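To start, the structure under review is shown below, and the notes come after it.
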Amino acid sequence: MSPAGPARRRGALAAFGRHPGAVAGSAILVAVVAAALLAPLLYPASPWRMVQRPFVPPFTLERVPLGTDALGRDIAAGLMHGASVSLVVGLVSTLAALVIGVPLGALAGYLGGRVDDALMRFTELFQTVPSFALAIVLVAILQPSLSSMILAIALVSWPPVTRLVRGEVLSLRSREYVQAAIVTGQTTFTILRREVLPNTLSPIVVLASLMVATAILLESSLSFLGLGDPNRMSWGFMVGAGRTVIRQAWWITAFPGVVILLTVLALNLIGEGLNDALNPRLARER
Amino acid sequence: MGLFIARRIGKGVVVLLAIVVLNFFLIRLAPGDPALVMAGEAGAADEVFVAQLREKFALDQPLPRQLASYVRNIVGLDLGYSVRQQMPVATLIGDRLPATLLLTGTAFLISLALGVLFGALAARRAGSLADTAITGVALLFYATPLFWVSLMAIIVFSVRLDWLPSFGFETVGAGYAGLARAADIAHHLVLPAMTLGLFFMAVYVRMTRASMLEVMGLDFVKTARAKGLAEGVIQRRHVLRNALLPVVTLAGLQAGTLVGGAVLTETVFAWPGIGRLMYEALLQRDYNLLLGVFVVSSGMVLVFNLVTDVVYRVVDPRIEAAR
Amino acid sequence: MDAAPDARRTAVAVRDLRLALPEGGDRAYAVDGVSFDLVAGEILCLVGESGSGKSMCAHALMGLLPKAVRPAGGTIRLGDLDLAAQDEAGWRDTRGRRIAMIFQEPMTALNPLMRIGDQMAEMFEAHGLLTPRARRARVLALAEEVGLPEPGRIVRAYPHQLSGGQRQRAMIAMALALEPAILVADEPTTALDVTTQAQILGLIRALQARRNMAVLFITHDFGVVAEIADRVMVLRHGRVVEAGTAAAVLGRPQAAYTKALLAAVPSMDPPPRTPPGGLKAVEVAGLEKTYVTGGGWWRKPRRVEAARDVAFALHRGETLGLVGESGSGKSSVARLVMRLIEPDRGTVRLGDTDLTRLRGEALRRARSRIQMVFQDPFASLNPRRKVGRIIADGPMAHGVAEAEAMARARRLVDLVGLDAGALDRFPHEFSGGQRQRIGIARALALEPEVLVADEAVSALDVSVQAQVLALLEDLKQRLGLSMLFITHDLRVAAQICDRIAVMRRGEIVELKSAAGLFADPEHPYTRALLDAVPGRPRRAA
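Residue numbers (the UniProt record's numbering), protein chains in the order written: chain C, 1 to 286; chain A, 1 to 323; chain Z, 1 to 541.
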């Protein structure tokens, strides 16, 4: 009996604010977004350009505070410019995965029977396939670019959405207040809009925030393997580029990695905060 | 149980066939002539070879015919020929598979054992400093890019401390045999297996902890208390055993991620498995090899899922009734 | 309270027990100054409605209080030991060996992954008694003693392979293993069907007499009290309202609260009614529904027959009861009548309309004529909508203008006994009984001819239940409704129904007037059902 009414809703924001991890995560995320927005202003030149001699260690030259890489490129500039790729890929691929996953899950859950069976088998297939391997194959075949990366990540990350939405819709469909709406003669569309969907929203929001984190990890892994957009600087690419010279210049790989770690951590913390704020029942179990 | 395994194998075969069909369409997704795509950049120059491919996969026939012949070839374990490596794809993969199985198997066992252990410890002392520390570290591992933590491990444990070798499967040219060779391989295995396992350990820590806390609130735990059982027995026999069920399910679902993660680990550590083979195929745009590895790694996941399903059935007596 | 404890026979003496609730709740103490004695060979029933603190008393006796509840005074004397003052090691020694407990839900109270016999043997293991071999022998003997069939087989079974009654027997066997002087039973039959309940009550009574145990029996059901209690204590808001022998408390209650509670228990004698004949509001014929679950490749599906050739008529102005135990198909029939699930065969006629033939828009429009009140007052209202909208949604879906629909909602909340302020509040701000009134208002908002009430009062405390039943009866009379009333509770059925249909495994085995059914049940199953109702005057053989 979790009182999940809008009276609680107002408390949800406060609950999120009381979650120290969520606040820290939000702060980091704001910083990353700011970096992506400010990159063209602070570093108007291309991050691919050589600005100094190669292998300048960090904290030695004021002009390149984080040092340079093997080709004399400014690492700080790379980090700033790389933020936008991670954010765009993370957000857009998650949205795309939701666009695939939510309708499939809602359909399977609401219609049940054969449709459900067929859709779930299909989902299972995509869940069995090693997702990173499939993403590699997709990007390799479609040729590396921002859009092929987004497509590949979306195609491997929708199954959990489908399963979640299906489960929620299935359980809501047999809920007595949905049955009450049916017997009072409301249309299916109204029932979905008024009774079912608002009550599935919070788990979807939580899942989506965690999916953005996973998508950023996938994006950086693909870029690390050289499957990123060749025209865009990205964190994963920077780690990959520094890999061969890791014995001489640890900072080339260390900084982008830390930035990826912090961004993914921030999104996970936000996800946990949202979960605690929106699903009071789960919060108590944690 | 025999019937159940037969059933699950049957289902696995169907899924594998579906993956092969998916593969077929993936090739057609690539821009250009599928025969040239299959031949790869190196083979495309060889017109005789391309013509052979065209005939073998019926590429000048209508699509359904092409599909049928493609599936027939794969089912016959003929994964094609890698021009670049001058070897059949099946042989290439066969040579590399044991190293991958060793790596993923070790990483899986380590991550599961440590994950359950620390998850149980955290749940036992929920809210304490130890709990905060364990969940904090788990969250950190959960967010760490696999390829990066591998590189950092190399810097720390190979470059600075010089404790462990940073790449390879064994010491080349050392001529070890028997136990000495096994020890050498194990020595090389430590870093890749540990780094690959970290993420999954974090996953199992979180799952075990949440699951234990949930089970602790169930009625039968109260019954166990009402018997006067000691707390340790209650935790082990009643709480942990029930809490492990969702962890087993999760382990099955994570199999795909584990096999995918091996691509990164093997690439960084130059571990001669199919993950590294995939990376090589990628660099050389050797699509036939790439798709071959993809099919085989999917097959690995299926076998793994079969094992977790059987384990689940052994642990949970209720399944029989539910079927 | 009782006089000074009789030192020879008193097993446990509880004095001034006080249990503190976390701060910020609606009251400071879950249990406040409660004293009682448990005497060897006697059953003390603790009775009360939800929130009375009765279950807390039971848990305090086992040292198994929830973390949030804190002991704040009083003693629990067992011999020369004060249980309230002992540490966890002391409690571990006491539990099971000197005091044993059985719980409400026998399914969840057993570990699903352990064999029944192993769970029973744990009792000896916990206290370091007997060898494994001797334990197995004792476990078999215990299974035999509590009447488990084929003890040799059943101790090797897992909980899910047993029926509800067998599970509770296993729990009882476990509790008896170490021959404790005291047994605490917390609503042990509430989750069971009425016929199983009768058997378990008989078993507890017999074992208690044979072993001369002191029993603390927690229940909300006065029927059960009448069946089993030697002495009774009535609790309300954590305080003792009245205590005494069963005959005294049930026969000559002193406190006003006890009197009100007893008056609220529906009697087994149906009041005289004249069943209305004439026009049929609903006519059901040849209704069939089989659920098939599982199935698939090489797998045999499971079939559950929820309705087998079900036929009945509901006359205008009549209340027809549909009674049966869990799994009898009564709720499925209600949902079939409502077209919430599709029948395999058969028809449901609403007046002159064949409801089973309607599709899409026509069905949606016809739905306003037959409305439903649901069982769970917490699950049946959308937590995110205001009560006013919940009630007005129905009429608006049928084309009533918003202002008119809201005005109707205002009249209806008044009609069901709530004030107009309720319209702007959310469901979670209401109690269970109030929510059920809102559910009734929602059903009435469409001005239906027929009301289907599915276990509409089962989740409510007895005093609230009486009020909601009275409301339904009153509304039915005033608005000229016909009602299909689904319940597992024969007492409730006796009070509100004109005619009653008894269902078992999807079939109606007997259908006749309420008075006729209770006076002269024909079908053996009906007779068994009536005999099992706790606390009824025994029928002359």
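Glycine is no exception: its CB is placed at the ideal position from the N, C-alpha and C atoms. Model, not experiment: these values are computed from the prediction.
For Gly257 (chain C), the C-beta contacts it makes with chain A under 9 Å involve Thr144, Pro145, Phe147, Trp148, Val149, Leu151 and Met152, in order along the chain.
Arg335 (chain Z) sits in a helix when the DSSP states are folded into three classes. The contact set of Glu122 (chain Z) on chain A, defined by CB atoms closer than 7 Å, consists of Lys227 and Leu229 in chain order. Remark: C-beta atoms of Leu320 (chain Z) and Ser463 (chain Z) do not approach each other more closely than 9 Å. Interface flag for Phe220 (chain A) against chain Z is set, since a Cβ pair is found closer than 9 Å. Comparing C-alpha distances from Val373 (chain Z) to each of Z:Gly439, Z:Tyr525 and Z:His160 shows the shortest one belongs to Z:Gly439. In this structure, DSSP gives Asp82 (chain Z) an extended state, which the three-state scheme calls strand. The Cβ-Cβ distance between Phe237 (chain C) and Ser223 (chain C) falls below 9 Å. Shown here, Ala20 (chain Z) sits in a strand according to DSSP, grouped into three states. In this structure, the beta-carbon distance from Pro192 (chain A) to Thr308 (chain A) does not fall below 9 Å. Asp186 (chain Z): member of the beta strand (DSSP E) spanning Ile182 to Asp186, first to last residue. Approximately 5 Å separates the beta-carbon atoms of Leu267 (chain C) and Val212 (chain C); this is inside 8 Å, confirming the contact. In terms of CA proximity to Leu121 (chain A), A:Ser211 leads the group A:Leu103, A:Ser211 and A:Met152. Following the DSSP letters along the chain, one finds Val33 (chain C) inside the alpha helix (DSSP H) bounded by residues Pro20 to Leu42. Taking CB atoms only, Met56 (chain Z) has no neighbour in chain A less than 9 Å away.
Nearest to Ala528 (chain Z) by C-alpha distance, out of Z:Gln199, Z:Met406 and Z:Arg339, is Z:Gln199. Shown here for Gln434 (chain Z): same chain residues with a beta carbon closer than 7 Å to its own, the five before and five after excluded, namely Leu418 in chain order. Just measuring C-alpha positions, the residue of Z:Ser368, Z:Arg153 and Z:Thr195 sitting nearest Ala180 (chain C) is Z:Ser368. For Asp93 (chain Z), at least one C-beta of chain A is nearer than 9 Å to its own C-beta. Under the three-state reduction of DSSP, Ser513 (chain Z) is assigned to strand. Chain-order list of chain Z residues neighbouring Gln179 (chain C): Arg335, Met338, Leu340, Met372, Phe374 and Ser380, by C-beta distance under 9 Å.
By DSSP's assignment, Thr487 (chain Z) forms a beta bridge with Z:Val323.
In the three-state scheme derived from DSSP, where H, G and I count as helix and E and B as strand, Ile341 (chain Z) is classed as coil. At a C-beta separation below 7 Å, Thr123 (chain C) has no neighbours in chain Z, since its nearest C-beta there lies roughly 16 Å away.
CA-CA distance, His160 (chain Z) to Arg18 (chain C), rounds to 43 Å.
Annotated three-state conformation of Pro31 (chain A) is coil, per DSSP. The secondary-structure analysis by DSSP pairs Gly244 (chain Z) across a beta bridge with Z:Val232. Look at Pro198 (chain C): its C-beta is under 9 Å from a C-beta on chain Z.
At a cut-off of 9 Å between beta carbons, Val245 (chain C) makes no contact with chain A. Counting along the chain, Phe237 (chain C) sits inside the alpha helix (DSSP H) bounded by residues Trp235 to Gly242. Cβ contact annotation for Leu162 (chain Z) (same chain, cutoff 8 Å, sequence separation greater than five): Ile116, Ile154 and Ala170, in chain order. Annotation for Arg536 (chain Z): no beta strand (DSSP E) segment contains it, and DSSP assigns it neither H nor E. Counting only residues of its own chain and dropping the five nearest sequence neighbours on each side, Arg239 (chain Z) has a CB closer than 6 Å to the CB of Asp32.
For His238 (chain A), the CB contacts under 6 Å within the same chain, skipping 5 residues up- and downstream, are Val221 and Ala224 in chain order.
Selection Z:Ala226, Z:Leu19 and Z:Asp269 evaluated against Thr75 (chain Z) yields Z:Leu19 as nearest (Cα-Cα). Cβ neighbours of Ala152 (chain C) within its own chain (closer than 7 Å, five residues either side excluded): Ala135, Leu138 and Val139.
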